[in-house]
Every structure is written in structure tokens, then in C-alpha cells.
Amino acid sequence: MSYPFLYIEFDNYGTAVEISYVTGLSPSLNLYEPLSWNIDNLRQLPASMRHIIEDIHHSW
């Protein structure tokens, strides 16, 4: 498995229930749980990954 990566979990209806940033070296950063973005963890992401998350957030 290649690190880092985004882990996105969906429920049976196709709704995202968790988004985490996994580095493999430390605990993953939980970025999203239903109805709530973790702003503190989002700020810890590398700029390139933060742009991807912003695109996901705006498309919801």
C-alpha cells in the first residue's frame, strides 16, 4: 500500500461517513465525520492534499 492516502468510508446510501488522511507513520487525521469537518486537522495537511479536500468539500 502506498502512503499517504485518503480513506473515505461510505454508508449503504453512498453518503460519506468518514474521511481520513493516512500517512502510515502516525495515527491518521480524521478530517470529516457526518456533518462536521475537523478544521484543526485540515490545517495539518500538505497544501496539495488540502486542495483536494477543498474540491471534495465544495462538490458536496
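The numbering used here numbers the first residue of the sequence shown as 17 and each following residue consecutively. The beta-carbon is built from N, C-alpha and C at its ideal position, and this holds for glycine as well. As the structure is a prediction and not an experimental result, all values here were calculated from the model.
For residue i, which residues of its own chain have a beta-carbon under 8 Å away from its beta-carbon, when the five flanking residues on both sides are left out?
i	result
methionine 65	Pro20, Leu22, Tyr37
valine 33	Glu25, Phe26, Asp27, Glu49, Pro50
In the DSSP assignment, what residue or residues form a beta bridge with residue i?
i	result
glutamate 34	Glu25
leucine 45	Tyr37
serine 52	Glu49
Cβ of residue i within 8 Å of Cβ of residue j?
i	j	result
histidine 8	tryptophan 53	Outside the modelled stretch of the chain, which goes from 17 to 76, sits residue 8, for which no answer is possible.
Tell me which residues share the same chain as residue i and place their Cβ nearer than 6 Å to its Cβ, disregarding the 5 neighbours each side in the sequence.
i	result
tyrosine 48	Ile35
serine 42	none
Can you give me the Cβ contacts of residue i inside the same chain, cut-off strictly under 7 Å, excluding the 5 residues immediately before and after it?
i	result
leucine 58	Leu47, Arg66, Ile69
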